[in-house]
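A.B. asks: Questions regarding the structure given below will be posed in turn.
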Amino acid sequence: SGELYCSLPNPRNVHFESINMKNVLHWSAPEGTGDGVLYKVKYAVYGVGKWIRKPECRNINRTWCDLSSETSEHEEQYYASVKAFLKGACSDWMETTRFNPLTDTKIDPPMVSVSSTDRSISIVLTAPEKWKRSPEEESVSLLQVYPGIQYNVSVLNKKTKKRWFFSISNNTLVVPWLEPGTAYCVSAQIHVPTPVLDSGFSK
Amino acid sequence: GACRVSMSMREIRAGFTAIKTNIQSRDPIRTLSILSHPHSLHKVKSSDRCCITYQLFTFYVDKVFKHCRTEDLFVNRKISSIANSFLSTRRKLGQCREHNNCVCGEESTEKFKQILANYEGLNVTSAAMKSLGELDILLDWMEKSR
Amino acid sequence: GILGGDALLPAPQSISILSTNMKHFLTWSPVIVQGATVRYSVEFQGEYEREYANGSWIPISECSLTTATICNLTEDISASVAYKLRVRAELGATRSQWGTTKGFFNRAMTSLTPPQLRAVADGHHLLVELADMGPSFQFRVLYWRKGQESRRYSRQGQECSPPAWHWDVPRVGGRAAHRAQAGCSECLLPAGSLRGFAALSFAG
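Have a look at this one:
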């Protein structure tokens with residue numbers, strides 16, 4: 005086959021974007037190449053001797069590749085790399101920095117369920133689950149991955165516009181002595197003390 | 119054995135996170151790890167944890183930090199901060215060993231030998247920089263098993 | 648006039664460390680040279696540097712060639728070991744000898760001040776707002792009904808994330824009074840006997 009010349013500009017900003025350990029490789033197209041660029045992806049477990057090609061991301065024209073399955077062992081660390089092709093020319097392999105799923109993922113807010121009596125609110129929080137290959141696969145809560153998880157809960161009195169914050173370690177909170185007939189807005193955030201990870205506040 | 123030691127994990131984490139990309143970019147070898155291959159720290163039995171933690175802190179204090187001086191002042195300051203925190207924590211772990219709470223089983227001795235073999239397989243500066251770049255592997259393991 | 652020839656620049660004097668609530672500052676007296684701006688450079692040395700790195704010193708870039716006579720050490724004094732600090736004066740190419748702190752400094756020697764405390768009544772709730780003192784701190788809040796000093800309630804918190812937290816402190820009926828203590832995990836004082844009471848009386 006024709007000799008490929010690696011003179012094509014390189015893919016840029018090759019990096020992992022991870023939410024709840026759903027780990028997707030992203031990159032930007034090489035500068036000034038326009039349409040028609042195709043890409044190949046490979047990945048490696050840090051400390052293990054070989055690069056592994058990702059068949060589902062061979063000769064693709066999109067600029068992302070889901071490597072969640074290949075990087076699901078969160079006690080390992082990974083590299084991934086992308087190469088671009090266009091009309092017989094190719095780029096160099098462009099690598100990510102070392103990716104640590106445990107510290108480099110983002111965490112979704114917890115699920116908040118609220119019940120109330122006329123003078124109190126009961127709040128139950130549920131941490132999101134780690135990404136899994138299929139619905140049938142056993143669920144792993146991020147609580148198991150980060151044992152030190154804490155919750156920051158905000159309770160807004162819609163009448164007085166005053167907001168209270170609570171920091172709790174278990175996942176339930178009862179707020180007593182409330183004003184009857186008053187609307188309260190509850191929102192919660194996950195806080196992992198170390199490695200420092202904070203989710204956004206729930207809607 | 120049981121050995122509870124207070125350490126400023128948050129500060130060590132913050133110090134490492136600040137220089138992680140810089141330090142790991144100085145380690146071009148993807149195919150070798152000092153701490154995690156062929157045997158993972160996560161396979162160490164709980165009874166051996168205290169001993170291997172003490173051995174690893176001694177490894178970093180005696181062999182790693184001193185060979186990681188860089189041309190970057192900011193990086194050097196963070197390495198000093200981590201090194202002094204390790205020294206302080208190692209001293210507390212040492213007190214556990216004196217009270218015999220930190221017995222070394224065969225498995226952890228074997229595991230630590232493997233780590234030293236991985237380290238000696240590279241030249242000193244490369245081995246030290248790679249070990250420093252793997253600090254989060256140690257911290258992740260310690261936090262998971264506390 | 649400006650220093651002539653090889654006239655020596657005196658080393659800074661009265662070098663000391665001010666440490667409050669785990670914030671550490673090095674201060675020294677200015678070196679006066681008429682008609683000239685003297686600058687200073689600061690370096691630190693931890694126990695690790697003394698014992699394992701041939702007694703090396705590490706410059707603090709924010710306090711290199713500074714005209715100030717104070718340097719914030721908090722970021723660098725981040726372990727509970729013995730540190731040494733030194734500072735020298737610089738004028739053009741002329742440098743003084745290093746002036747070094749007498750003895751060692753360990754952050755466990757920091758002095759604690761009472762936490763800033765504010766109590767706010769909101770419906771049937773009494774909210775205690777504590778100013779954030781940084782990640783190493785824990786808080787203990789005591790509160791009781793006015794005139795019933797003997798019956799106290801206590802709440803303890805690990806650390807506060809946002810700058811000022813409202814703690815939900817159930818009203819004890821009628822007038823209430825509060826006290827708050829701050830303690831830090833790396834300080835000399837055992838958690839049990841903390842100093843630094845902030846007393847506040849609140850008539851709810």
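Residue numbers (my numbering), protein chains in the order written: chain V, 5 to 207; chain S, 119 to 264; chain P, 648 to 851.
Cβ coordinates follow ideal geometry from the N, Cα and C atoms, glycine included.
Treat the numbers as computed from the prediction; the structure is a model and nothing was measured.
Got a sec: which bits of the region 762-781 of chain P sit with their beta carbon under 7 Å from any beta carbon on chain V, in order along the chain?
C.D. replies: The residues in question are D769, G770, H771, H772, L774.
A.B. asks: Do V/N161 and the ligand MG come close, with the Cβ less than 8 Å from some heavy atom?
C.D. replies: Of ligands this structure carries none, so the ligand MG is not represented either.
A.B. asks: Can you list, in chain order, the residues of its chain whose CB lies under 6 Å from that of V/P132, leaving out five sequence neighbours each side?
C.D. replies: Numbered from its first residue, the first sequence carries residue 132 of chain V at position 128. Result list for V/P132: N24, D112, L146, in chain order.
A.B. asks: In terms of DSSP beta bridges, what is P/G746 paired with?
C.D. replies: On the third sequence, position 99 is the one that residue 746 of chain P refers to. Paired residue(s): P/V734.
A.B. asks: May I have the straight-line CA-CA distance separating P/V788 from V/S173, to the nearest angstrom?
C.D. replies: In the third sequence, residue 788 of chain P corresponds to position 141, counting from 1. In the first sequence, residue 173 of chain V corresponds to position 169, counting from 1. Cα-Cα distance, rounded: 18 Å.
A.B. asks: State the Cα-Cα distance for the pair V/F170 and V/L129, rounded to the nearest angstrom.
C.D. replies: Walking along the first sequence from the start, residue 170 of chain V turns up at place 166. Walking along the first sequence from the start, residue 129 of chain V turns up at place 125. About 13 Å.
A.B. asks: Secondary structure at V/N27, three-state DSSP: helix, strand or coil?
C.D. replies: Working through the first sequence from its first residue, we reach residue 27 of chain V at position 23. DSSP places V/N27 in strand when its eight states are reduced to three.
A.B. asks: Using a Cβ-Cβ cut-off of 7 Å (strictly less than) and excluding sequence neighbours within five positions of P/G820, which residues of its own chain qualify?
C.D. replies: Here residue 820 of chain P refers to the residue found at position 173 when the third sequence is read from its first residue. Note that P/G820 scores a pLDDT of 49, beneath 50, so its modelled location is shaky and nothing firm can be said.
A.B. asks: What does a CB cutoff of less than 8 Å around P/V685 pick up in its chain, not counting 5 residues either side in sequence?
C.D. replies: Indexing the third sequence from 1 puts residue 685 of chain P at position 38. Here the set comprises L656, P677, V678, I679, T714, A736, E737, L738.
A.B. asks: Quick check on this structure: which residue in S/R144, S/I137, S/R215 has the alpha carbon closest to the alpha carbon of S/D166?
C.D. replies: Taking the second sequence and counting its residues from 1, one reaches residue 166 of chain S at position 48. Minimum Cα distance to S/D166 is reached at S/R215.
A.B. asks: Spell out a yes or no on whether the region 160-175 of chain S and the region 682-699 of chain P are touching, meaning 3 or more CB-CB pairs, one atom from each, closer than 8 Å.
C.D. replies: The region 160-175 of chain S, when compared against the region 682-699 of chain P, does not touch it at the 8 Å Cβ threshold.
A.B. asks: Return the residue from the list P/Q763, P/M756, P/R799 that minimises the CA-CA distance to P/H671.
C.D. replies: Walking along the third sequence from the start, residue 671 of chain P turns up at place 24. Checked all of P/Q763, P/M756, P/R799; the closest Cα to P/H671 is P/M756.
A.B. asks: Grab me the residues of S/N194's own chain with a C-beta within less than 8 Å of its C-beta, minus the 5 sequence neighbours each way, in chain order.
C.D. replies: Here residue 194 of chain S is taken as the residue at index 76 of the second sequence, counted from 1. Contacts found: R187, T188.
A.B. asks: Please report the distance separating the alpha-carbon of V/I127 from that of P/L774.
C.D. replies: Counting from 1 along the first sequence, the entry for residue 127 of chain V is found at position 123. Counting from 1 along the third sequence, the entry for residue 774 of chain P is found at position 127. Their backbone Cα atoms lie some 19 Å apart in a straight line.
A.B. asks: Hey, would you say V/F4 sits closer than 9 Å to V/A187, going by beta carbons?
C.D. replies: Absent from the model: residue 4 of chain V. The displayed extent of chain V is 5 to 207, so no value can be given.
A.B. asks: For S/N140 versus S/D190, is the C-beta distance shorter than 9 Å?
C.D. replies: Here residue 140 of chain S refers to the residue found at position 22 when the second sequence is read from its first residue. Here residue 190 of chain S refers to the residue found at position 72 when the second sequence is read from its first residue. Contact flag set, yes.
A.B. asks: Look up P/P810 in the DSSP assignment and say whether it is helix, strand or coil.
C.D. replies: Counted from its first residue, the third sequence places residue 810 of chain P at position 163. Residue confidence is low: P/P810 scores 38 on pLDDT, short of 50, so the model does not pin down where it sits. Its coordinate-derived value is still stated next. Residue state, collapsed to three classes: coil.
A.B. asks: Compute the beta-carbon to beta-carbon distance between S/D145 and S/K248, rounded to the nearest angstrom, for a pair I have assumed lies under 8 Å.
C.D. replies: The residue labelled residue 145 of chain S in the question sits at position 27 within the second sequence. The residue labelled residue 248 of chain S in the question sits at position 130 within the second sequence. At roughly 5 Å, the Cβ-Cβ gap stays under 8 Å, so S/D145 and S/K248 are in contact.
A.B. asks: DSSP three-state label for S/V162, please.
C.D. replies: For the purposes of this step, residue 162 of chain S is taken as the residue at position 44 of the second sequence. Coil, per DSSP.
A.B. asks: What does V/R102 touch in chain B if you count any residue whose Cβ is under 7 Å from its own?
C.D. replies: Among the protein chains of the structure shown, namely V, S and P, there is no chain B.
A.B. asks: Mind checking V/N17: buried by the 16 CB within 10 Å criterion, or exposed?
C.D. replies: Within the first sequence, the letter at position 13 stands for residue 17 of chain V. The residue in question, V/N17, is exposed, as its Cβ has fewer than 16 Cβ neighbours within 10 Å.
A.B. asks: Tell me the rounded alpha-carbon separation between P/F752 and V/Y83.
C.D. replies: On the third sequence, residue 752 of chain P is found 105 positions in, with the first residue counted as 1. On the first sequence, residue 83 of chain V is found 79 positions in, with the first residue counted as 1. Each residue's alpha carbon lies about 43 Å from the other.
A.B. asks: Using the rule of at least 16 other Cβ atoms within 10 Å of the residue's Cβ for burial, across every protein chain shown, is S/Q142 buried or exposed?
C.D. replies: Translated into the one-based positions of the second sequence, residue 142 of chain S becomes position 24. Answer is buried; the Cβ neighbour count reaches 16.
A.B. asks: Between the region 66-79 of chain V and the region 231-250 of chain S, are three or more C-beta pairs nearer than 8 Å?
C.D. replies: Short answer: they don't touch.
A.B. asks: Using only CA atoms, which one of V/V41, V/K166, V/C10 lies nearest to P/A768?
C.D. replies: Numbered from its first residue, the third sequence carries residue 768 of chain P at position 121. The shortest Cα separation from P/A768 among V/V41, V/K166, V/C10 belongs to V/K166.
A.B. asks: Tell me, please, which residues DSSP counts as bridged to V/C69.
C.D. replies: As a first step, residue 69 of chain V is located in the first sequence; it is residue number 65 there, counting from the start. In DSSP, V/C69 forms a bridge with V/L29.
A.B. asks: Quick check: what's the CA-CA separation for V/G152 versus S/C168?
C.D. replies: As a first step, residue 152 of chain V is located in the first sequence; it is residue number 148 there, counting from the start. As a first step, residue 168 of chain S is located in the second sequence; it is residue number 50 there, counting from the start. When rounded, the distance between both Cα atoms is 20 Å.
A.B. asks: So the beta strand (DSSP E) V/M115 belongs to, where does it begin and stop?
C.D. replies: By 1-based counting over the first sequence, the position of residue 115 of chain V is 111. That run of the beta strand (DSSP E) goes 115-120.
A.B. asks: Which runs of the beta strand (DSSP E) spanning at least 3 residues fall entirely within the region 180-212 of chain S, listed in chain order?
C.D. replies: The qualifying runs do not exist here; there are none.
A.B. asks: For the alpha helix (DSSP H) holding V/Q148, just list the boundary residues, first then last.
C.D. replies: Here residue 148 of chain V is taken as the residue at index 144 of the first sequence, counted from 1. Per DSSP, V/Q148 belongs to the alpha helix (DSSP H) from 146-149.
A.B. asks: Assuming S/F134 and S/L240 make a contact with CB atoms under 8 Å, what is their CB distance in whole Å?
C.D. replies: The residue you call residue 134 of chain S lines up with position 16 of the second sequence. The residue you call residue 240 of chain S lines up with position 122 of the second sequence. 20 Å between Cβ atoms; not a contact.
A.B. asks: Cβ of V/N161 less than 9 Å from any chain P Cβ?
C.D. replies: Here residue 161 of chain V refers to the residue found at position 157 of the first sequence. It does: the Cβ of V/N161 has a partner Cβ on chain P nearer than 9 Å.
A.B. asks: Comparing C-alpha positions only, which one of V/L160, V/V49, V/Q148, V/N14 sits nearest to V/A93?
C.D. replies: Residue 93 of chain V sits at position 89 when you count from the first residue of the first sequence. Minimum Cα distance to V/A93 is reached at V/N14.
A.B. asks: Leaving out five residues before and five after V/L160 in sequence, what residues of the same chain have Cβ atoms less than 7 Å from its Cβ?
C.D. replies: Mapped onto the first sequence, residue 160 of chain V falls at position 156. Excluding positions up to five away in sequence, the list reads R167, Y188, C189.
A.B. asks: Taking P/I705 as the query, report the chain S residues whose CB atoms sit under 7 Å from its CB, ordered along the chain.
C.D. replies: Sequence index remark: in the third sequence, residue 705 of chain P carries index 58 (1-based). Simply N194, R195, S198.
A.B. asks: Can you name the residues of chain P whose CB is closer than 7 Å to the CB of S/N202?
C.D. replies: Here residue 202 of chain S refers to the residue found at position 84 when the second sequence is read from its first residue. Simply G693, E694, Y695, A726, V728.
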